[in-house]
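Enquirer: Note that the protein sequences, when read in sequence, are chains A and B.
With UniProt numbering applied, the first sequence covers 1 to 235.
With UniProt numbering applied, the second sequence covers 1 to 573.
Just so you know, even glycine gets a beta-carbon here, dropped at the ideal spot from N, CA and C.
Handing you this structure, nothing more for now.
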Amino acid sequence: MDRRDSLKSLLVGSVAGGMLVTGCAPETKTPHVAPEIQDLPGYGRNEKEKAHDREVLAEEFLTEYELETIAVLVDLILPANAEFGSASDAGVVDFIEFIVKDMPNNQLPIRGGLAWLDIHSNKLHNKVFKDLSVEEQKAICDSIAFPGKTAPELIHGEKFFTRMRNLTMTGYFTSEMGIKDLGYKGNTPGVWDGIPEDVLAEHDVDYDPEWIAKCVDQSKRMDIAEWDEDGNLLT
Amino acid sequence: MQIIESAKTFDVAIVGSGAGGGMATKILSEAGFDVAVLEAGPHFDPQKEEDRNQLRWPWESPRRGASSNRRSFGDFDAAYGGWNIEGEPYTTEPGTRFAWFRSRMLGGRTNHWGRISLRFGPLDFKRKSVDGLGDNWPIGYEDVKPYYDKVDKLIGVFGTKENIPNEPDGFFLPPPKPRLHELYYVKAARKSGIPVIPSRLSILTKRINNQRGSCFYCGQCNRACSAYADFSAGTCLIFPAQRGGGKVQLFTNAMVREVTTDKNGKATGVNYINKEDRKEYHLKAKVVVMAASACSTARILLNSKSSVHQDGLGNSSGLVGRYLHDSTGASRSVFIPQLMDRKIYNEDGTGGMHVYTPWWLNDKKLDFPRGYHIEVWGGMGMPSYGFGFNPNDLNKVTGGTIGGYGDSLRQDVKKYYGAVMGISGRGESVPQRDNFCEIDNNTVDEWGIPVLKFNYKWTEHEVRQAKHMQDTFEQVLEATGGILLGDKPGADRDYGLTAPGEIIHEVGTTRMGNDKRDSVTNKYNQLHDCENVFVMDAGPFVSQADKNPTWTILALAWRASDYLVEQVKQRNI
């Protein structure tokens, strides 16, 4: 199974069997939909959107070789640390494989940027980028990763690297691993009852008691609201 | 292909299922009318798993929630469509600008809106009396107040009694406590002499009945609430109307093309295209309620030409489509160093902001008319596509390397997470006869229906208001002790003023008035030219205050529906 097949199996996930029957779905514009492509697990799509996703999943753009180079590059940009995995561990290569098809304005800059990277590597070391030693790869990154400090003749490399850094970082921090790494605590049913006291104590701002007195008493949130004639809440 | 006639004649055909159409559906079906609701998009119910956007993680979307032409505000925003709808274009007159956000689905844009639910105040109905510009409404606050009261109780809105003259209080649920960045705003605004009060959003911090839950604080009202704990027209009006045993028949994917009329000019129903079979149908009805949104309603009326209504239905004044106006908007943001390396906790809260600044300078002489309110944003939100772009740009401010690679990028992202706050002004523009939408004679949509062409330019009133916003933003944000981001937009950029339409408060295309030469509907939203057609979206607004229009659409639709019922009883229609 190559990377692309594994990506498809990942996206199709556990619902592959159940989604085979797509007879009632609208016709897609692509005549040659690969038979193994089914719907993604549901995420609230309407019919037009499902058809779009199906089309995009059936497309191929980046080659195996390009994806291998991307895997090397995104792990240089965001390597594993003691606690968390690397960008590719978090699924960033698969994310980029999809996003260049879904946002086609990435296609030329990324294909061309990867080619630029190999030309530059060949010029320096007579090897393509992914076959260089890590030290050689990092030396090239050092020359294109710092906007404002790039030699004029390498400016195209800088633009490409910035794009790849953005996609890597956003792909990572929107993955399950990245959100755990970030520490985001929400997206779950709960009750907001104000800033934790220890946090408030660290900041030079306070809750105004008069303001707080008007705020919701969370012990009564399930009580049905009733008012007097003047709009004063009774419950 | 011939038009397929409906077998039955409905008492009322309601075109559109958003705020106005939803309210009309509820009130008219409860009055015993046999109601047909026509919606140009599919059914939508956030309680159904297949429609659910709420509580999804970014990785559930292969594009990580990014926006697209299919959903302008991102994969998990509840509004299908947006600035562009495939196959349904609109055009603009060269040299003018207008952005038109449409959402084809049951409930329309109420599924994703900001839930900011402000009453218009006494001054807002009579602005001409204050500044001599535009026109007064034919009604005043006292006419609408009883309906605002009823809307508050039926739908629910949190807020606080503040006794501010032009910001009328209502029947409020208690507000949530402010978040940390909002306290920074409160402190800075007060230091600058600018008031801040709890915001007023139609989100249930307490239950208001047994059909709807109370808010569980995920901060995702824009994704549509599976607990029905915020207002949308489907969950709060149309579904209850159906459950209540009313005679409500929904026609989804039904794109209304025109209102049909008889030889006397009286409406007989509507023609619509069924998007599923692409055939045209005629739905017969004794009364037609237009609630397709201000511009879509204007489009349908202008496309409803007949020997009696030669310039389009309701258009003897020539004003259908005219006086189109949107809110003004401008923004600025600030980086607050004290919020770096924050302790992370769940501060999702309700959707939108917990605090805001109502317009505070009604009594002051300024170089522009009318005012604006200020909204606040920031905090430790859930990442989606775009999060992590330019991960260490703020090193420009704090000193440090920009760009680079390696594990340090992780630390950069975490360091700045939740340390940026922004504020946005939303203001009242002065309606202009020469800002309008009309039928484009060169273009039809994929259903064969002539599309709208927009002609809209801001005047110097709006530009000067945006300048005032920027000066205010600078003053308040500097008072946070933070570092302002980006350059202050100057005259060359119209002070950051948004393009017309971008705030999605477009109103005024069928404005109400007592004189049929100078208005399209009467003060009960009824067409002057056709007594059995009502407009219950924001088309009849004469002016729109700096307040978001939804609460007023709801109140006026209820009021107009009551009037409609009375007129039918008295056999006037």
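Would you call the CB atoms of L78 of chain A and A87 of chain A closer than 7 Å?
Expert: It is a contact, given that the beta carbons lie within the stated cut-off.
Enquirer: Let's see if you can read the secondary structure: which residues bound the beta strand (DSSP E) around N441 of chain B?
Expert: Here the beta strand (DSSP E) through N441 of chain B covers 436-444.
Enquirer: Distance, Cα to Cα, D230 of chain A vs A227 of chain B?
Expert: Distance between the alpha carbons of D230 of chain A and A227 of chain B is about 29 Å.
Enquirer: Residues of chain A with CB closer than 7 Å to the CB of T235 of chain B, please, in chain order.
Expert: Result: empty, since nearest Cβ-Cβ is about 15 Å, beyond 7 Å.
Enquirer: Against chain B, with Cβ distances strictly below 7 Å, would L76 of chain A count as a contact?
Expert: Interface residue, yes.
Enquirer: Just tell me which of B:E462, B:C437, B:K305, B:A19 has its CA closest to the CA of A545 of chain B.
Expert: Measuring from the Cα of A545 of chain B, the nearest candidate turns out to be B:E462.
Enquirer: Leaving out five residues on either side along the sequence, give the residues of the same chain with a beta carbon under 7 Å from the beta carbon of A34 of chain A.
Expert: For A34 of chain A, the predicted model reports a pLDDT of 48, less than 50, meaning its position is unreliable; a value from the coordinates is still stated below. So the qualifying residues of the chain are A58.
Enquirer: Starting from G453 of chain B, follow the beta strand (DSSP E) in both directions and report where the run begins and ends.
Expert: Rather than Gly, the amino acid found at residue 453 of chain B in this sequence is Lys. Residues 450-455.
Enquirer: Pairs of beta-carbons, one from the stretch 386-396 of chain B and one from the stretch 160-176 of chain A, closer than 8 Å: are there three or more?
Expert: The stretch 386-396 of chain B vs the stretch 160-176 of chain A: in contact.
Enquirer: If you scan the stretch 100-162 of chain B from start to end, which runs of the beta strand (DSSP E) of 3 or more residues do you find wholly inside it?
Expert: Listed in chain order, there is nothing to give.
Enquirer: List, in chain order, every chain E residue whose beta-carbon is nearer than 9 Å to that of G231 of chain A.
Expert: Looking for chain E here will not work: the only protein chains present are A and B.
Enquirer: Can you find at least 3 beta carbon pairs, one from the stretch 48-60 of chain B and one from the stretch 298-308 of chain B, that sit closer than 8 Å?
Expert: At 8 Å Cβ cutoff, the stretches do not touch.
Enquirer: Using a Cβ cut-off of 9 Å, pull out every chain B residue sitting near I224 of chain A, in sequence order please.
Expert: Residues of chain B passing the Cβ test: K206, R207, I208, N209, N210.
Enquirer: Go ahead and pull the three-state DSSP assignment for K247 of chain B.
Expert: If DSSP states are grouped into helix, strand and coil, K247 of chain B belongs with coil.
Enquirer: Would you call the stretch 416-427 of chain B and the stretch 210-221 of chain B in contact, with 3 or more CB pairs under 8 Å?
Expert: The stretch 416-427 of chain B vs the stretch 210-221 of chain B: no contact.
Enquirer: Given T22 of chain A, which residues of its chain have a CB within under 6 Å of its CB, disregarding the five upstream and five downstream residues?
Expert: Confidence at T22 of chain A is low in this model, with a pLDDT of 38, below 50, so the placement of that residue should be treated as unreliable; the coordinate-derived value is given next. None.
Enquirer: Evaluate T63 of chain A with the Cβ neighbour count: other Cβ atoms within 10 Å of its Cβ, from every protein chain shown; 16 or more gives buried, anything less gives exposed.
Expert: Counting Cβ neighbours within 10 Å, T63 of chain A comes out exposed, since fewer than 16 surround it.
Enquirer: Run through chain A and tell me which residues come within less than 9 Å of K414 of chain B, C-beta to C-beta.
Expert: Near K414 of chain B (Cβ distances below 9 Å), the residues of chain A are D181, L182, G183.
Enquirer: Write down every uninterrupted run of the alpha helix (DSSP H) in the stretch 79-124 of chain A whose length is 4 residues or greater and which is fully enclosed by it, in chain order.
Expert: Segments of the alpha helix (DSSP H) lying fully in the stretch 79-124 of chain A: 92-102.
Enquirer: Quick check on the DSSP output: the beta strand (DSSP E) that includes D11 of chain B runs from which residue to which?
Expert: Here the beta strand (DSSP E) through D11 of chain B covers 4-15.
Enquirer: What residue from B:V12, B:S199, B:T205, B:R179 has the CA that sits closest to V199 of chain A's CA?
Expert: It is B:R179.
Enquirer: Within the chosen definition, does the stretch 502-512 of chain B reach the stretch 321-340 of chain B through at least 3 CB pairs nearer than 8 Å?
Expert: Contact holds: three or more Cβ-Cβ distances are below 8 Å.
Enquirer: Can we count L556 of chain B as close to the ligand ADP, meaning its CB is less than 6 Å from some heavy atom?
Expert: In terms of ligand content, the structure shown is empty, and the ligand ADP therefore cannot be addressed.
Enquirer: How long is the line joining the alpha carbons of A25 of chain A and G381 of chain B, rounded to whole angstroms?
Expert: Low confidence applies here, because A25 of chain A scores a pLDDT of 43, under 50, leaving its location unreliable; read the following figure in that light. Cα-Cα distance, rounded: 35 Å.
Enquirer: Report yes if the CB atom of P383 of chain B is closer than 7 Å to the CB atom of H373 of chain B, and no otherwise.
Expert: Going by C-beta atoms, P383 of chain B is not nearer than 7 Å to H373 of chain B.
Enquirer: Short of 9 Å Cβ to Cβ, which residues in the stretch 42-66 of chain A face chain B?
Expert: From the stretch 42-66 of chain A, only G42, Y43, G44, R45, N46, E47, K48, E49, H52, D53, V56, L57 have a Cβ closer than 9 Å to chain B.
Enquirer: Can you tell me which of B:I203, B:K247, B:T160 puts its alpha carbon nearest to the alpha carbon of G352 of chain B?
Expert: The shortest C-alpha separation from G352 of chain B is found at B:I203.
Enquirer: Closest to Y80 of chain B by CA distance: which of B:L55, B:E93, B:F98, B:T110 is it?
Expert: When only C-alpha atoms are compared, the closest one is B:T110.
Enquirer: How about the stretch 116-131 of chain B and the stretch 30-44 of chain B: do they share at least three Cβ pairs that are nearer than 8 Å?
Expert: These segments do not touch.
Enquirer: Taking 7 Å as the CB-CB limit, is F98 of chain B close to chain A?
Expert: Cβ-Cβ to chain A under 7 Å: no for F98 of chain B.
Enquirer: What residues from chain B crowd round N126 of chain A, counting only those whose CB sits closer than 8 Å?
Expert: Neighbours of N126 of chain A on chain B: none; closest Cβ ~24 Å, over 8 Å.
Enquirer: Does the stretch 17-26 of chain B come into contact with the stretch 227-240 of chain B, if we say contact requires no fewer than three beta-carbon pairs (one atom in each stretch) closer than 8 Å?
Expert: These segments touch.
Enquirer: Is the shortest distance between the beta-carbon of G152 of chain A and the beta-carbons of chain B less than 7 Å?
Expert: Before going on, a small fix: residue 152 of chain A reads as Pro here, not Gly. For P152 of chain A, the answer is no, since every Cβ of chain B falls outside 7 Å of its Cβ.
Enquirer: If you count every other CB in all the chains shown that lies within 10 Å of the CB of L20 of chain A, and 16 or more means buried, which is it?
Expert: Interpretation of L20 of chain A is limited by its pLDDT of 36, a score under 50 that renders its predicted location unreliable; no figure is taken from the coordinates.
Enquirer: Check the Cβ-Cβ distances between V216 of chain A and every residue of chain B, and say whether any is below 7 Å.
Expert: So, interface residue.
Enquirer: What does residue 578 of chain B pair with, by DSSP beta-bridge criteria?
Expert: Residue 578 of chain B lies beyond the range of chain B shown here (1 to 573); nothing can be said about it.
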